[in-house]
Each structure stands twice: as structure tokens, then as C-alpha cells.
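In short: position in the sequence shown from 1, add 110, done, that's this note's numbering.
Virtual Cβ for every residue (Gly too), placed ideally from N, Cα, C.
Presented below is the structure to which this report refers.
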Amino acid sequence: MAKKKDDKQKHVSVVTKKSLQFFEEYINNPSPTGFEYPGQKLWLDYLKPYIDESFIDNYGTAVGVINPKAEYRVVIEAHADEISWFVNYITPEGLIYVIRNGGSDHQIAPSKRVNIHTDKGMVKAVFGWPAIHTRNGEKEEAPALKNIFLDCGCTSKEEVENLGIHVGCVITYEDEFMVLNDRYYVGRALDNRAGGFMIAEVARLLKENKQKLPFGLYIVNSVQEEIGLRGAEMIADRIKPHVAIVTDVTHDTSTPMINKITQGDLACGRGPVVSYAPAVQTNLNKLLIETAEKNEIPFQRQASSRSTGTDTDAFAYSNGGVPSALISLPLRYMHTTVEMIHKEDVDNVISLIYHALLNIKKDHDFKYSK
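Here it is as C-alpha cells:
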């Protein structure tokens with residue numbers, strides 16, 4: 111474990127007022143799986159002053175490149191998509207039933223306000239739920255896919271369809287970004303647009319500090335992670351990187367109803383999380399840990415068993431095997447509309463990736479035996 115920061119030592123923020131404004135705009139912009147493009151455009155517009163070139167693949171993964179002509183290629187990556195819902199069935203009375211697009215949590219849906227995305231524009235709706243008075247004395251029925259429904263104020267299927275709503279329209283929650291107690295960033299989709307924000311900030315630091323890298327750096331914001339790491343699979347095949355450092359979120363296990371015996375002991379405010387898993391290449395992981403220790407960046411450790419469940423797995427097992435590692439951001443209340451991350455953890459993840467890149471050499475060989 112890295113040496114703990116002196117309590118008297120003041121934390122120096124990496125995130126600037128300008129970059130925080132972008133972060134808020136980026137979080138508030140919907141980016142559901144399969145429909146990430148508007149958010150990707152925002153992200154690339156922010157990134158462009160700090161890179162040499164960029165491109166977007168056929169499914170929307172956005173990539174900024176520094177030193178594009180270099181033969182040795184290093185990826186830093188996050189995913190851009192957020193959980194959402196699809197319109198699945200419209201009743202004759204104008205109510206709407208849904209299915210998941212990613213790991214959407216049916217238990218938090220009742221009474222939430224949502225936006226239904228249509229070709230005619232955004233349509234407002236709510237997840238309805240029977241009043242407590244009408245459930246009195248009966249066995250409580252828990253929210254489930256079979257009984258949660260949307261009400262957009264219509265009284266017939268025809269009226270719903272006239273608004274532009276059809277089966278397959280995507281639905282997102284409307285909750286927006288805020289700062290809580292000057293300590294936490296809160297909002298929907300911090301999983302994992304916080305990651306996209308952090309890798310963009312790494313590019314900003316490289317540019318502002320005039321750091322010249324001896325390799326090509328590919329800053330990758332992948333699509334479709336929430337339904338199976340699909341964007342990462344596609345872009346790994348295209349870039350064919352030699353190294354990949356992935357950042358995603360992981361669970362803060364210090365809140366109620368989480369078992370530390372099975373989930374580990376992790377908390378917001380204690381620093382980035384370094385993972386151990388078969389997909390994580392040990393020598394690259396050691397470089398991350400040594401970087402954290404040298405630069406006095408606090409960090410935590412997590413064991414991820416058979417797979418990390420993140421885009422790390424997609425990069426690691428691509429192209430005959432790519433040395434890959436995962437730096438996770440502790441997060442409370444994952445896949446809700448009030449996801450929470452600690453401001454200092456965000457700074458420290460950015461710093462760890464930045465300093466790790468400075469420790470990667472040209473043609474760096476991470477093989478166990480040479």
C-alpha cells in the first residue's frame with residue numbers, strides 16, 4: 111500500500127474550473143448504449159486541443175491520438191455509454207412497458223422522471239407506481255420488469271405513437287450532475303463517463319506540461335460496454351495496441367447492505383483501485399503500483415477473480431494478448447441516478463495514469479520472460 115498522505119498536507123486539485131464545467135455538461139448529456147454519438151462529439155470537442163488527430167469508428171467509439179505515426183501504441187481507455195431502457199410494448203390505454211438496455215435497475219425505477227428519445231425530439235414521461243394507499247393490507251409486489259411502466263400523459267396507443275414514440279425508442283433518466291458537500295460528484299452515468307473525463311484530463315496535462323511521449327498514445331472512449339464490452343472489442347482490433355490501461359468504476363463497499371467478505375474493502379476517498387485478475391498483466395500492474403508509491407498517490411487493491419467485467423478483458427484477450435491493467439474509481443450506488451465519486455479520487459486516478467505513461471518506455475517489453 112502506498113504511504114498514506116499526511117493529514118496536514120493539502121490535496122492539490124488536478125481538475126480545473128474549466129474542466130469541471132465540461133464534466134458537468136458531459137454527464138448531463140444522455141449517452142445510452144447504442145446511441146452515444148452526441149456525448150462522443152462533446153468529448154472530442156473538449157479533447158481536440160490536446161491531441162494530434164482523432165477518429166470515430168463505425169459504431170461510435172471515439173479516439174484521440176497523440177503521435178499517430180509512432181509504431182508502438184499505448185491505449186488509455188474508458189467507456190462512454192450509460193444504462194437505459196427500450197420501449198418494448200405500448201398498451202391500448204397509452205402506457206409503456208420497457209426492457210433493459212444494459213444493467214438498468216428495475217427497483218429504482220418507480221416514480222423516476224425519464225426522457226424518451228424520438229426522431230421528433232425528447233418526450234417526457236414518468237415511471238408510474240400504485241399509491242401506498244391502494245396497497246394497504248395486501249402483499250407488497252416488488253418492482254420488476256413485468257410491472258414497471260411509463261406514463262407520458264397519453265390515453266391511447268395512437269396518441270403515444272403520434273408523439274413519435276415507437277418500440278425501440280431509448281429511454282434515459284433525467285437526473286443531472288451536482289457537487290455534494292464540496293466532496294463528492296453526484297449524478298447518473300458517472301459509470302463510466304467519469305472515466306472518459308479522466309482520460310481526457312490526462313491528455314490535457316500532457317499538453318499543458320509539454321510532455322513528449324516516445325510512443326503513440328490512443329485516448330479511447332468506447333461504446334457498448336454495458337452490454338458486453340463490445341466497443342472495446344471492435345476498437346482493440348482496429349488499433350492493435352501494445353499496451354492498454356483501462357479505467358472504470360468499482361463499488362465503494364463501505365455503505366450498508368454490502369458484504370466486504372465477498373466484495374472487498376474499498377471506499378471513496380481512499381484513492382484509485384488497482385485490480386488483480388487473470389486479464390491484468392502483472393508487470394504492467396507493478397508499474398502502476400510503483401508509480402503510485404513513487405508519486406505518493408494513495409491507492410487500494412481489489413481482487414477480481416475470473417474476470418474484471420470491464421473493457422480490460424476485451425483489450426487483454428485481443429490481438430494475441432495485449433498487456434492490460436485496470437485502474438478503478440470507487441463509486442457509491444452504481445447503476446442508480448445518484449452515483450457518487452470522491453473529488454480527490456478523480457484527481458488521483460488522473461495523476462496515476464499520467465505518471466504511469468511517463469514511466470512507459472519506447473518499445474516497452476512487459477513479457478515475464480525475455
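| Check | Outcome |
| --- | --- |
| Between the Cα of Val333 and the Cα atoms of Lys370, Leu315, Thr363, Ala188, which residue gives the shortest distance? | Ala188 |
| Return the chain-ordered list of same chain residues with a C-beta closer than 6 Å to the C-beta of Glu284, the five sequence neighbours on each side being excluded. | Arg223, Asn225 |
| Please name the residue or residues paired with Tyr199 in a DSSP beta bridge. | Tyr207 |
| According to DSSP, is Gln373 part of a helix, a strand, or is it coil? | helix |
| Distance, Cα to Cα, Ile368 vs Asp362? | 9 Å |
| Does the Cβ of Val173 have 16 or more other Cβ atoms within 10 Å, making it buried, or fewer, making it exposed? | buried |
| Counting pairs of Cβ atoms below 8 Å between the segment 145–154 and the segment 235–245, do you hit three or more? | no |
| Quick one: which unbroken beta strand (DSSP E) runs of 3-plus residues sit fully inside the segment 270–316? Chain order, please. | 280–283, 288–290, 294–297 |
| Using C-beta distances below 8 Å, list every residue in its chain close to Ala413, excluding the 5 sequence neighbours before and after it, in chain order. | Gly374, Ser385, Tyr386, Ala387 |
| Grab the span of the alpha helix (DSSP H) containing Asp421 for me, first residue to last. | 421–426 |
| Check Lys113 in the structure and name its three-state DSSP category. | At Lys113 the pLDDT is 48, less than 50, meaning the model places this residue with poor confidence and gives no usable figure here. |
| How is the beta strand (DSSP E) around Ser415 delimited, first residue to last? | First-last for Ser415: undefined, no H or E at that position. |
| Report the option in Glu181, Val122, Lys179, Glu192 whose CA atom is closest to the CA atom of Glu335. | Glu192 |
| Mind checking Gly297: buried by the 16 CB within 10 Å criterion, or exposed? | buried |
| Taking only three categories from DSSP, how would you classify Tyr443? | coil |
| Suppose you measure from the CA of Ser438 to the CA of Arg245; what does that come to, to the nearest Å? | 42 Å |
| Taking the alpha-carbon of Val330 as reference, which of Lys120, Lys128, Glu163, Ile137 has the nearest alpha-carbon? | Glu163 |
| Cutting at 7 Å between CB atoms, please list the residues of its own chain near Ala112, excluding the five before and the five after it. | Residue placement at Ala112 is flagged as unreliable, the pLDDT there being 49, under the threshold of 50; the coordinate-derived value follows with that caveat. The answer, listed in chain order, is Ala402, Glu403, Glu406, Ile407, Pro408, Phe409. |
| Determine contact between the segment 194–202 and the segment 303–316, defined as no fewer than three beta-carbon pairs at a distance below 8 Å. | no |
| Please report the straight-line C-alpha distance between Pro202 and Val270, rounded to a whole angstrom. | 10 Å |
| Look up Ala235 in the DSSP assignment and say whether it is helix, strand or coil. | strand |
| Can you tell me whether Ala466 is helix, strand or coil according to DSSP? | helix |
| Can you give the beta carbon distance from Val184 to Gly326, rounded, assuming they're within the 8 Å contact cut? | 7 Å |
| Taking 8 Å as the limit between beta carbons, can you name the residues of its chain near Ala254, skipping five residues before and five after? | His216 |
| What first and last residue would you give for the beta strand (DSSP E) that runs through Thr228? | 223–228 |
| In whole angstroms, what separates the C-alpha of Asp116 from that of Lys256? | Low per-residue confidence applies at Asp116: pLDDT is 49, beneath 50, and the placement is therefore not dependable, though the value from the model is reported in the following sentence. If you take the alpha carbons of Asp116 and Lys256, they lie about 52 Å apart. |
| Just the C-alpha distance for Leu300 and Phe132, rounded to the nearest angstrom, thanks. | 13 Å |
| Between the Cα of Tyr294 and the Cα atoms of Leu398, Gly379, Pro433, Met444, which residue gives the shortest distance? | Gly379 |
| Alpha carbon to alpha carbon, what distance is there between Phe476 and His121? | 33 Å |
| Considering Ala402, what are the terminal residues of the alpha helix (DSSP H) in which it resides? | 392–404 |
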